[in-house]
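A short worksheet on the structure shown next.
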Amino acid sequence: MSTTTPVNAIEREQEIVHNLTKIQHTVDHLKGSNTARLVAVSKYMPAEDIEYATKTGQTHFGENYVQELTEKSQKLPKSIDWHFIGHLQSNKCKAVAGIPNLFIVETIDSAKKADTLNKACIAVERKDKLKVYVQVNTSGEEAKSGVEPADALDVCKHIKENCPALELYGLMTIGMKDRDATNNPDFEKIVELRQDIKSKLNLDVFEASFGMSGDYEEALKDGSNNVRVGTAIFGARRIKQ
Ligand SMILES: *Cc1c(COP(=O)(O)O)cnc(C)c1O
């Protein structure tokens, strides 16, 4: 019997495995004694690309759109740990909460949204608490989602005290594009907030998710616990975000 795998698919697999293996090594090297995970951001990429990526042992994948995440999660192995990293609309909370192997929602942007997701988890009878990060708009750009840095503590406190179906797990920021990577003010802000809120709310685990393709190395040096890398693994997306 002849092999039927097209040459294109073989090349694509090699490309993804090559990129991802290199980045995994860099992450392992730079994280030092910190616990930091690499999230492979697979938005707009076909399910096959994710399957290739899993061959390196990669389990954490990030998606921005509920519909796309739902379809991929049904099609792909349940051993994948999904991260929802897109803007979360209230009317999509139930669909998100219903994905059994969803590891975390990284984009809680208000106390109200947390309440809606909390209710959704209860409504779908989710087995375990759903981990959440509060997204912070560290750069103050109007187009960016997230709570103001000054409000982050209150929103975290609200989740801890009023959302029993959620597990407050940290903060997330996107930050301004094309910042000078060293002394990045978005990174400094999120690290400062992580420390402050962790101690004020007396939390054992409280992470900070920051760093993308262009600056994940710097982010890890600055103490990121969760870097979200898309382009550097899968190449340019056809549809621009
Ligand atoms: C798309 C996206 C990423 C990945 O960005 P790259 O520059 O392709 O690495 C990370 N985080 C969020 C929230 C995203 O939407």
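Numbering (the working numbering) for the sequence shown: 4 to 244.
We put the beta carbon where it would ideally sit given N, CA and C, even for glycine.
Note that the coordinates shown come from a computational prediction; the quantities given were computed from them, not determined experimentally.
*asked:* Please state the DSSP three-state secondary structure of His21.
replied: In the displayed model, His21 falls within a helix according to three-state DSSP.
Exercise for the section: Take Cys166 and list the residues in its own chain whose beta-carbon comes closer than 6 Å to its own, dropping the five residues that flank it on each side. Expected result: Cβ neighbours of Cys166 within its own chain (closer than 6 Å, five residues either side excluded): Ala117 and Asn121.
At what residues does the alpha helix (DSSP H) containing Tyr55 begin and finish? From DSSP, the alpha helix (DSSP H) with Tyr55 extends over Ala50 to Thr57.
Quiz prompt | Inter-stretch contact at 8 Å, needing at least 3 Cβ pairs: the region 76–93 / the region 197–210 | solution = In short, these stretches do not touch, since the Cβ pair count stays below three.
Which whole runs of the alpha helix (DSSP H) in the region 98–128 are 4 residues long or more, in chain order? Listed in chain order, the complete alpha helix (DSSP H) runs (minimum 4 residues) inside the region 98–128 are 114–126.
*Sorted by chain position, which residues of the same chain lie with C-beta nearer than 6 Å to Gln244's C-beta, five sequence neighbours on each side aside?*
Bear in mind that a pLDDT of 48 at Gln244, under 50, signals an unreliable position, so the number given afterwards is only what the model happens to contain. In the same chain as Gln244, and ignoring 5 residues on each side of it, no C-beta atom comes closer than 6 Å to its own.
Where does Glu144 fall in DSSP's three states? In the three-state DSSP reduction, Glu144 falls in the coil class, being neither helix nor strand.
Exercise for the section: Would you kindly check if the distance between the Cβ of Ala222 and the Cβ of Phe213 is under 8 Å? Expected result: Pairing Phe213 with Ala222 gives a Cβ-Cβ distance under 8 Å.
Hey, how far is the Cα of Ser227 from the Cα of Ala39? Looking at the two C-alpha atoms, the distance is approximately 7 Å.
Tell me whether His86 is buried or exposed, calling it buried when 16 or more other Cβ atoms sit within 10 Å of its Cβ.
-> Buried: at least 16 other Cβ atoms inside 10 Å.
Separation of Ala153 from Lys58, as counted between CA atoms: Those two C-alpha atoms are separated by around 42 Å.
Review point. Which term fits Lys46, buried or exposed, when burial requires 16 or more other beta carbons within 10 angstroms of its beta carbon?
Key: Buried is the label assigned to Lys46, since at least 16 other Cβ atoms lie within 10 Å of its Cβ.
How about Ala247 and Val194: are their beta carbons less than 8 Å apart? Nothing in the structure corresponds to residue 247, since the chain is present only between 4 and 244.
- For the region 176–183 against the region 153–164, are there 3 or more C-beta pairs whose distance is under 8 Å? At 8 Å Cβ cutoff, the stretches do not touch.
- prompt: Tell me which same chain residues have a C-beta within less than 6 Å of the C-beta of Gly89, skipping the five on either side of it?
  reply: Sequence-distant Cβ neighbours of Gly89 in its own chain, meaning closer than 6 Å and more than five residues away, are Asn67 and Tyr68.
Between the Cα of Val150 and those of Thr29, Phe106 and Gln138, spot the shortest distance and give me the residue it belongs to. Of Thr29, Phe106 and Gln138, the residue nearest in Cα terms is Gln138.
Chain-order list of residues whose beta-carbon lies under 7 Å from that of Ala50 (same chain, five-residue window excluded) | Within the same chain, Ala50 has close Cβ partners Lys75, Lys78 and Leu79.
Short of 7 Å in beta carbon distance, which residues of its chain neighbour Ile125, apart from the five on each side in sequence? Order them along the chain. The residues are Ala168.
- Spatial neighbours of Thr141 in its chain, beta-carbon cut-off 7 Å, leaving aside the 5 residues before and after: So the qualifying residues of the chain are Pro152, Thr176, Gly178, Asp189, Lys192 and Ile193.
Report task. Using 7 Å as the cut-off, classify the Cβ of Lys147 as near or not near the heavy atoms of ligand 1, replying yes or no. Result -> No; taking the cut-off as 7 Å, the Cβ of Lys147 has no heavy atom of ligand 1 nearer than that.
Review point. Over what stretch of residues does the alpha helix (DSSP H) that includes Phe190 continue unbroken?
Key: Pro188 to Lys203 is the span of the alpha helix (DSSP H), which, as asked, contains Phe190.
Q) What are the partner residues of Arg15, as DSSP defines its beta bridges? A) In the DSSP output, where bridge partners are listed per residue, Arg15 has none listed.
Going by Cα to Cα distance, which pick from Arg197, Glu170 and Asp218 is closest to Asp181? It is Asp218.
Practice problem: Please state whether DSSP places Lys3 in a helix, a strand or coil. | Solution: Residue coverage of the chain in this structure runs from 4 to 244, which leaves residue 3 outside it and unanswerable.
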